[in-house]
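In this note's numbering, the protein residues as written are 81 to 1232.
Right, dumping it as structure tokens:
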């Protein structure tokens, strides 16, 4: 979580104006407006015109405009950072203590806003250190060097002392602490005592450090304002840096807020605080104490939530940087390294051009021609090298069927050749500087030629000159250039790359753009120039832009048949006419400019063309900002709309509000919503708006699911819909979506194809200019780049009860959730029963008493309950109270390649690989002698064990048969097994649609069944069970949706009845069956979430259960068993639990 400033200012907005979308965004919007006004206070360094242009840049910046409209932390931290920078540069010129106090306040608010404050502080601090060293080394070189080494030595010793003290404290007081994060409660005042010892040791260290500073640190350092700023910023922030030592040296998590974690962090934080106080008091006790008081007073108020949360002190000092470091490790978004190189130019192209121009103009105004020349040469060389690379396609960049070593060598040697050519030009003194600069700045070619003077004999009517740059102005521009460079490096290197961070790129580049345009505007009498014909230059420039666009457009974006001068068709002639018209206009405007050059001078014309070009880019930027912030703000066609709530959220809310008004009153209806998709519904369904809204989390209850309106994210559909049956209409909406990330996996081949291929070139242009993905989708063969079918996105469903929907609003066809496969009268009406489980055992997991998808059940002769724990690949034994006794088995997939998990249990002994192991055992049976018979389903076999789980024997192999005869001993996914008193083993060979009978040694005896719907045939037989005297064998014939009864001794068909259930054919909809002493038949209906009870002839007696996770409900009832007293045991495969219910006579009517 970021700093508390935004939360406090938002809470204040709610207090004053109420809580709604407008007031939530109001504070950030106001700070965004204030940000536009801030350049006024920078006019001393930007110039008056530059400050005004900078304000305009902030106003039309797409990133700043967009994120000023949302409740995010970036605009506040930018605002306070600019105030810190403004006060810092003001203090460098005129040191006054009130500026230091203002900086302390703004710095505190900056750190209370967002953790990127560390980046801003590092950039400003590094620049101040460089500025200080530059001054220091330049005053008296020999004495300065001595002072430098003396100070560096003292600082190094101080740092080593801090590390030594921390190490000693760690070993003396913290070595008895276990792993970080372990929750241990210290007895009595042990924690307080340890903290007190650490505090005393830190205080002693601080006193020693202060004494050392007084003794050895040169006092002359205090004479430099830059040193004042370094000390102030450094000491105020030093305690916040302790998490770096915690993580890098001691390797524990600074976000561990257990008692032990607090003790660890305190052992590092206290010496940092002591060192900061020692340095500050040595520097200037009065000024430092006042500044520190201002800083930490604001800090205490905000981070303790108005003194109601004392733990906020620790979470601020330690948690801020700790949280930020953790987020870099998480690498949220997992964006590629070139993410910002793709994203920033897409929106902030005007500041990028202004920044490039600023570098040339700043060095030109300082007369640093070598820097200008070599920068231009490097840019030209890079452009030439890339052009040649795209033509020749060297194998180290592009995929080539046959790599050419000659081309590869040429591309390696080419940069050296280009540098040699540039050096020769420079050495020859040829007048290539303006030409090189023109080429180097391709986006604004005339920037480069600004410094070329008009010839003396030309005598233009209007003279242009450059204003001399002051040291203060040059220093500020140098800082902003440094700021821009480190921003690109720092954020590109950081693990977390997110679109809202582009605001931090935009700010320094807009400052440079403002200064650049202001510099161009200076030194020209524009009123006189206008009278002398400057309007003609502006008009010519404005006409040249569309003319050049029309000249290039056919070759860049049009297919070949539309290119000019090709063909004689009407379409080709029209294209030729348009192109020739543009050519005539372009030539005419260039000739007009050449004539105006003699009256106005080349310098004025170049400046005018540059300003016109920047004006065109400003208009395009305004268009981009308007489309982004006011048209596409909710749509992922914008690359900065990331993890953003879809517009459908408001559509669903309007429907809910309409239903509520027409039924129970304005926003009084009961609405249930879950964890997936809870954002943003936590906000819209807050108590002040929807007082009857309920949050059901991940596992809803039946009571919560009785709401007339239900909202569920897609992760919860399978949990919610079983409760709803066919009583609700559902409507699917998008609640969260992300931009298309086709830029991932970028290669030089893809870049070249986007440039060379006219179809892809036109598609990319449509994305850049219009955010239109249709051509791109067609080019790559995708259909999910339209808003109605966008990917990636997260969806939610709005469920409306049918009876309510029919009364209040025309919903259209809707979607009926969980429909039955065929309409039929409910034969179980009025038979609903409710019973509370005697006990419930189990939870999800692999430990003792835990299950993963429990299936078949069997009761031993001693009352032991055996559970086929399918997804844990084991058999679990429970006692009569449901307590865990033992488990045996592990995963062995004999049918998979490499037989994963399979082991040889006795090495060179008689047992084979995989004996005693399972691959999803579904069924278990108990013989008269207590031996266990397990249907090892996906190893397609039966295994036999003692009652304690010792392996005895096995039989069966994988095989499929299509009739009810043949294939003896072959299995295809056997699901259940029972053993008769005659020691015959009956197996439901589910995939082969039959029952096979064996001796207890695995010898085949007989079989019956085979696929079909006639009597005696089966389709997906699963559960099998005997009656009490074993004269009848009951089989759950699943896909025929019936129970069939056979004579066990011969397999002769006896009778059957239909089941109004078992509708689905999913892999988990496998019912099991049990028979009690009265020959009442119990069958599970897994996806009906119930138990059905019949008499021996199939007459329905009772229905137990409904969907849920409580003691009366099921999430997926599968296995079932009945003991001698009539108690019923049920395995809930989704709930990962076993339930024991009382006998049927104890069940109560439910009214259903």
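Even for Gly, the Cβ is constructed at its ideal location relative to N, Cα and C.
Uninterrupted alpha helix (DSSP H) stretches at least 4 residues long and entirely within the segment 661 to 720 occur at 682 to 706, given in chain order. In the three-state DSSP reduction, residue 926 falls in the coil class, being neither helix nor strand. Within the model, the alpha-carbon separation for residue 732 versus residue 779 is close to 23 Å. For residue 1060, no beta strand (DSSP E) run applies, since DSSP gives it neither H nor E.
The criterion of a C-beta distance shorter than 9 Å is satisfied by residue 748 and residue 772. Residue 877 has its alpha-carbon roughly 5 Å from the corresponding atom of residue 811. Taken through DSSP and simplified to helix, strand or coil, residue 911 comes out as coil. DSSP places residue 178 in the uninterrupted alpha helix (DSSP H) bounded by 177 to 191. In the DSSP assignment, residue 1156 falls outside any alpha helix (DSSP H) and carries neither an H nor an E. In this structure, residue 822 keeps its C-beta atom at 9 Å or more from the C-beta atom of residue 793. By the Cβ neighbour-count rule, residue 607 is exposed, with fewer than 16 other Cβ atoms within 10 Å of its own. Here the C-alpha atom of residue 1185 lies approximately 29 Å from the C-alpha atom of residue 1109.
Taking the Cβ atoms as the reference, residue 1224 lies roughly 12 Å from residue 1155, outside the contact range of under 8 Å. DSSP places residue 991 in the coil class of the three-state scheme, outside both helix and strand.
Residue 275 is positioned such that its CB atom lies no closer than 9 Å to that of residue 356. For residue 753, the pairing in a beta bridge is given by DSSP as 775 and 791. Looking only at 1196, 375 and 932, the smallest Cα-Cα distance to residue 1188 is reached by 1196. If the five residues before and after residue 746 are omitted, its C-beta is found closer than 7 Å to the C-beta atoms of 740, all from its own chain and listed in chain order. DSSP, read as helix, strand or coil, puts residue 945 in strand. Here residue 1208 is bridged, per DSSP, to 1202 and 1221. When the five nearest sequence neighbours on each side are left out, the beta carbons in the same chain lying within less than 8 Å of the beta carbon of residue 1191 are those of 916, 917, 920 and 1219, in order along the chain.
The three-state reading of DSSP puts residue 868 in helix, counting H, G and I together. If you ignore the 5 residues before and after residue 302, its C-beta comes within less than 7 Å of the C-beta of 363, all in its own chain and listed in chain order.
Scanning its chain for C-beta atoms nearer than 8 Å, with the 5 sequence neighbours on each side dropped, one finds around residue 932 the residues 924, 925, 926, 949, 950, 951, 952 and 1216, in chain order. Counted as a single uninterrupted DSSP element, the alpha helix (DSSP H) harbouring residue 850 occupies residues 838 to 850. Annotation: residue 315 to residue 285 spans about 16 Å, alpha carbon to alpha carbon.
Annotation for residue 479: 829 place their beta carbon closer than 7 Å to its own, counting only its chain and skipping 5 residues before and after. Check the Cα spacing between residue 680 and each of 620, 105, 609 and 369: the tightest is with 609. Shown here, residue 85 sits in a helix according to DSSP, grouped into three states.
The closest CA to that of residue 1005, considering only 1105, 954 and 1049, is found on 1105.
Looking at the DSSP output, residue 815 bridges to nothing. Checking the DSSP bridge columns, you'll see residue 1016 partnered with 1001 and 1021. Cβ-Cβ distances below 6 Å link residue 998 to 953, 969 and 1016 in the same chain, with the five nearest sequence neighbours on each side left out; the list follows chain order. Exposure of residue 710 is indicated by the presence of fewer than 16 other C-beta atoms within 10 angstroms of its C-beta. The beta carbon of residue 97 lies closer than 8 Å to those of 103 and 106 in the same chain, with the five residues before and after it left out. Per DSSP, reduced to three states, the secondary structure at residue 117 is helical.
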